[in-house]
Amino acid sequence: MASKSKQGNSNCNYKQADTRNFVSHLYDALERNKIRAFVDHTLERGLEIAPVINEAIEQSRSSIVVISQNYASSPWCLDELDKILECKGKKGQLVFLIFMDVDPREMREQSGPFTWIGQSEKGYGQENVDNIQRWRDALRKAGNLTGWSLENRLEAEFIQSVVEKISRRLSGLHKKPLAFHLVGLDSQVQALYSLLQLEVEEVLIVGISGNSGIGRTTLVRALYHRIADQFDRSYFLSNMTDISSQAGLIKMLETLFGDIPSNLEFSDDIHVAINLMRSKLHNKRVLLVFDDVEGLVEPLSHLIKAINLGSGSRVILIPRHKETLISLCNEIYKVRPLNDDQALDLFSWNAFQERYPQNDYKMLSNCFTSFFKGLPLALTVMGSFLNGKSIKEWQGAFCRLKKIRQVKVQDILRIVIDGLEDNERTIFLDIACFLNGYEKEEIIKSLDQCGVHANSGIEILAQKLLIYIDENNKIWMHDLFEEVGRQIVVQECPKNPSKRSRIWHHEDALQVFKQNSGTNAIEGIKLDKVAVEDLIMNADSFKKMKKLRLFMMIDHVPHCGPAGHLSEKLWRCFAGNRNNMFALLDALVEEIFKFWSRGGGA
């Protein structure tokens, strides 16, 4: 039976005769946890129920399917299940399976209580004979989904555990932002879904190719959110540019498993990471996405094979260069640009929050969409940038675009960044150079203490789609945005890093400290373990950096020198967190102030 309500969090699908009491208790527990579930007891055999069921399922955010011994004997349940799986594929609807005295393997193999569906076609009525194969397929697909089994557990404890898990998943829907209006993605999501062949038990690796800015990451994210709950574990690993280095390994393992044990020692290869990942993922059905992969064919291949992923696992690679994919992937999907109608649709959604351009802007809108040649990133960012601006400002932006001989997303982004206010631009460059992938609250706290109004600035950057806040409240910036931001900083002084506002390459930072060549231009520095193994810092190192406001130490505590070097207070600031340390220079400012007050800065 299905809910016939037009709203609510969950629709319930179950066989009444087997599960009436269980579903009643489940309903009460869902209500106590403020999950609106609709269980319809009024529909009876012989009534025209299909339109009501379809409407209920389509308008639900999730469905709870209770599989029991006699479930497969009900045409109504099987029709609902088929519709639920259709909505899962097309709309990303969440599906929660509960198995009552049923083995999921029996569903896949259609054995045990599911043998009946193949032997008794007459039992469904002559009018349903043509539906048998469709129902068999639905049962097989559902059997491949991850669910919860009652087995010999206490019903009350089992229901509470299930409801808590459902609650967490539904809460995540509110926090999952869309990078932009997903125009033109449905057909490509479906094509990529088919290429993944989720019904195949082998481990498959699928690569995503396409030009920069064409929407590869957005496409994979859209599919990821639709299929993630079909796996025992699912991970989306962003900015995986170098898992062959120690810093890259730590970043990947933290993304997968949270904090890394502080006593874990890494060698020069990836065997330690492999052992840790194998212990967590061995024989699990896993969905792994590696985004922004660059030049990692050998370590990636070794890593994937050595983990020994379970049957049906899928690995998706989004590389910077197609060559990375050729020798590693079973299948390659090439992302297509938008057609003219889709391009105008996407641009309009971002420029006007409407599907079509406003009358006065139609001609200019067509000019922009024609210029961008179906590149979603350019259409999205420029549309958002032009939102609320006058026709004169639109004309000025297009005049700047026409000076670009060849369409490059980087040049388009540069126009948008140049149009930012000073505070927004500062935050954008800080994220591009230092903070990509950090937690939002951590970034806000750090930048606020540096005198930057981070909260409002981050919201504006998100509205302009220059950054993306994921479901874990981490801030991400597209690799092209990061590249453009860093180019802007390098162009401040191409030949002398010490005269730039931000220093993130460890070679440049090391040179500044070893030569005491810091300048008044420097606002932020990042150091990592490779750069500072033998580095000694003291107040002399910072005396010329009067604008320094952000100092980051990655997985390292610098050596303290003799008297006159960093104070104990600053040492604690550095040592407080093993990874991704933010030293906001409270103590350092105090140390340098003492140095200046002694006349050292004269």
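So the number in my numbering is just where the residue sits in the sequence shown, counting from 1, plus 2.
Ideal Cβ placement from N, Cα and C applies to all residues, glycine included.
Please read these numbers as outputs of a predicted model, since none were measured by experiment.
Tyr226: member of the alpha helix (DSSP H) spanning Arg218 to Ile229, first to last residue. For Leu431, the enclosing alpha helix (DSSP H) stretches over residues Asp424 to Asp432. The three-state secondary structure of Tyr358, taken from DSSP, is coil. Val337 places its beta carbon less than 8 angstroms from that of Gln190. In this structure, the beta-carbon distance from Ile37 to Ser169 falls below 8 angstroms. In the DSSP assignment, Tyr335 falls outside any alpha helix (DSSP H) and lies within the beta strand (DSSP E) extending over Glu333 to Lys336. In terms of Cβ geometry, Gly439 and Ser240 form a close pair [threshold 8 angstroms]. Contact between Gly312 and Asn285 holds, with the beta-carbon distance rounding to 4 angstroms and staying under 8 angstroms.
Thr21 is positioned such that its CB atom lies no closer than 8 angstroms to that of Met109. Leaving aside the five residues that flank Pro359 on each side, the residues in its chain whose CB is nearer than 6 angstroms to its CB run, in chain order, Ser350 and Ser367. For Ser367, the enclosing alpha helix (DSSP H) has its first and last residue at Lys364 to Phe374. Secondary structure note for Ile462: its alpha helix (DSSP H) is the uninterrupted segment Ala456 to Gln465. By the Cβ rule, the segment 442 to 457 counts as touching the segment 416 to 431, because three or more pairs are nearer than 8 angstroms. Under DSSP, Pro321 forms a beta bridge with Val295.
For Glu356, the CB contacts under 8 angstroms within the same chain, skipping 5 residues up- and downstream, are Ser350 in chain order. Shown here for Pro106: same chain residues with a beta carbon closer than 6 angstroms to its own, the five before and five after excluded, namely Gly145 in chain order. Cβ-Cβ separation between Val208 and Cys331: approximately 6 angstroms, consistent with a contact (criterion under 8 angstroms). Distance from Ile414 to Ala380 at the Cβ level is roughly 5 angstroms; contact confirmed, criterion being Cβ atoms closer than 8 angstroms.
Residue environment analysis places Val202 among the exposed positions, since fewer than 16 neighbouring C-beta atoms fall within 10 angstroms of its C-beta. Linking Pro339 to Ala345 through their CA atoms gives a straight-line distance of about 9 angstroms. Per the DSSP secondary-structure output, Glu111 pairs with nothing in a beta bridge. Within the same chain, and ignoring the five residues on either side of Ile216 in sequence, the residues whose Cβ sits closer than 7 angstroms to its Cβ are Val337, Pro339, Leu377 and Pro378.
For Val97, the beta-bridge partners assigned by DSSP are Ser65. Under the DSSP assignment, Ser189 falls in the alpha helix (DSSP H) whose first and last residues are Asp188 to Leu198.
The Cβ atoms of Gly487 and Cys435 sit closer than 8 angstroms to each other. Looking at the DSSP output, Gly149 bridges to Leu99.
Per the coordinates, the alpha-carbon of Arg502 lies some 21 angstroms from the alpha-carbon of Ser448. When rounded, the separation of the alpha-carbon atoms in Ser113 and Ile134 is 15 angstroms. Assigned with DSSP and collapsed to three states, Trp506 falls in coil, not helix or strand. Scanning Leu172, Ser303, Ile490 and Thr220 for the CA closest to the CA of Asn13 turns up Leu172. Going by DSSP, Gly209 is part of the beta strand (DSSP E) stretching over Leu206 to Ser211.
The shortest C-alpha to C-alpha distance from Leu348 to any of Leu200, Gly186, Leu512 and Trp506 is the one to Gly186.
Gly91 places its beta carbon 8 angstroms or farther from that of Tyr237. Looking only at Ser70, Leu388 and Glu88, the smallest Cα-Cα distance to Ser62 is reached by Glu88. Take Phe98, set aside five residues on each side of it, and the residues of its chain with a beta-carbon closer than 6 angstroms to its own are Ile66 and Ile168, in chain order.
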